[in-house]
Structure formats: C-alpha cells, structure tokens
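Chains as they are written, first to last, in the working numbering: chain H, 394 to 451; chain D, 0 to 246. A virtual CB, placed ideally from N, CA and C, is assigned to each residue, including glycine. These notes are about the structure you will find just below.
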Amino acid sequence: MNSLTRVTAMLGHSPYLAIALTMTFALLAVEAWHVRDQSRACPRSLDHTGTAGHPDET
Amino acid sequence: MSYPNWFRYASPRTFDPLAARLVPLFALAAVGLMLAGVLIGLIVAPTDAQQGDVYRIMFVHVPAAWMSMLIYLVMAAYCALSLMFNARLAAMMARSLAPTGALFTLIALLSGSLWGKPTWGAWWVWDARLTSELILLFLYIGFLALHAAIDDPRRADRACAVQALIGVVNIPVIYFSVQWWYTLHQGPSLSFGSGVSMSASMVWGIVVMTCGFWSYAIAVTLARVRIVMRARRREGPWEAGFGERTA
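Printed below as a string of structure tokens:
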C-alpha cells in the first residue's frame, strides 16, 4: 500500500514519466488489440473464400 | 543415425500450428515480464541523484531502442534468407516484423523526447543518435509502404528484401553514433567490457523489460504471420493449399 502511494505520488510529480509510460503501454496494447482483431476475422473469411489451387511449394 | 529436419518449420503448413501454440505462451510471458519490469523500475530502482524520477523513462526508452535495432537485424536476416533460398515463410516473417519494429522505433523516439525536454531543455535535437534512429523509422515505413505499393506479394517480398538489406547499414551507425561523433545523447547504457555504471536494480529493470518487449514482439509477430499466411493462401495460387500439403 505504501509502495502504491509512493508510485502514485511519483507519477503525479513527474508528468513526463507518467506520459512516457502511459504512451508506451497504450501503443503496445493498441497494436496487440489490432492484431487480435485481424486474427479473429481472418479464419472466418477463409471459410467463405478459401480456394484450392495448385500448390508448388517445394 | 537420423538427423533433425531443420527445414520442417520452413513450411507454412507445419509452422502455422506451432505459431498458434507459441503465441499465448509468449503473450503471457510478455505481460508478466513487462509488469515485473515496471515494478522494478518504479519501486525497487533508486531515485537518480541528478535527474530525479524522470530518469525512470529509461526503463521503457532503452529497451524500446534496443528492440527497434534488434528487430531490424532479424528482419534483414529473414530478408536475406528469403532472397537466398526463395523461402516464402522468411519473407512473411520479415513482413510481419516490420510494423512491430516501427512501433518500437516510434516509442523510442517519443519516450526519448519526453526524457530530453526536462533534461536537455529540448524535445528534439539533430543529434547523430536521434537522427539515425529517425532514419530507422523511415526505413520501416518505407518497407511497409513498398510492400503495400506492389500488388504481387512475391515481387513485393523481393523488392522489400533488397531495401531492408541496404538499410541494415544504418544499424551500426545508430549503435556507434555516440562513440563516433560528439553527441548530446549520452553514451551506451550498458556496454560490454567497460563495466556498468548504474546500480544492479536499474540494470535488472532494463533487462527484464527488454525480455518483456522481446516476448511481446515474438507473440505479435507470430500472430501476424498467421494472418499473412492466410491472406496469401486466399489471394495467390502459389500459397493456395499450403494447409492441405504435408511438409
């Protein structure tokens, strides 16, 4: 509890630090959320449009 | 005596289920390590005598800057593999790494500005380290823009691979800029051979956060490469049916 109060006070007194931490983790969260959304949307669309071609993978 | 088949996971078909299993593991590791890094940085690490608490920006700035360079090197290595062996998965990995690399470069630049304002008195200076890091951001954006501009994914992969390999010359420039030129930016935070000039808790905070960022980058890249594989399977005959073939 004491540590939490100290950290809150520290962030309140150092706006540059608070903004840097918030911005960093917000950007990472936005990217992760975006990829998760795309990942969820992708298999569903494949069900409808997936094609069977001639695989030339070697 | 049987030798392991190192090329087994070079096939999208076998790599896809492996990636699906690894994503949640690395995501959990990323959350745990980043949380630990924040706790060490904000609670355990002592206040700096000269800069006060604002120096704690270092716990996200330094790992983000390292990741921006490391991801570019890994991306360039995948591009080289893609050109040498015509490996589709290597090209897809490079394409999937680029947005995360660009994001870490942006975080390094923005957090550096937020550190620079209270310590240097300026948001930005045309210092060698800052300028070369900005060029790295442009290289990432150029890679993504070039890929988006070419319709044929195979041609786009080749063009982007060449661009990424040319741009790799910028990485040693970023790293050694503080030694080659007189810069406002401070020297390396941790340097091999010359010892460490900060307390152990500060070093651990940076190392743990770097591991967290690395785990995050792996998780996001693996999730994205699965999306890219599915998109190409849908769009191109070359990739079609990778799910039905054996390795």
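At a cut-off of 7 angstroms, the C-beta of Ala419(H) has no neighbouring C-beta in chain D. Classified as exposed, Val168(D) has fewer than 16 neighbouring CB atoms from the shown chains inside 10 Å of its CB.
With a contact defined as Cβ atoms closer than 8 angstroms, Leu136(D) and Thr182(D) miss out at about 18 angstroms. Using beta-carbon distances, Ala411(H) does not count as an interface residue toward chain D, since no partner is under 7 angstroms.
Annotated three-state conformation of Gly120(D) is coil, per DSSP.
Taking every protein chain shown into account, the CB of Asp126(D) has 16 or more other CB atoms within 10 angstroms, so this residue is buried. Residue state for Asp430(H) is assigned as helix, using DSSP reduced to three classes.
Excluding five sequence positions before and after Leu138(D), the CB atoms of its chain that fall closer than 6 angstroms to its own CB belong to Gly166, given in chain order.
Taking 7 angstroms as the CB threshold, Arg223(D) lines the interface with chain H. The three-state reading of DSSP puts Asp47(D) in strand, counting E and B together. The DSSP-derived three-state label of Asp15(D) is helix.
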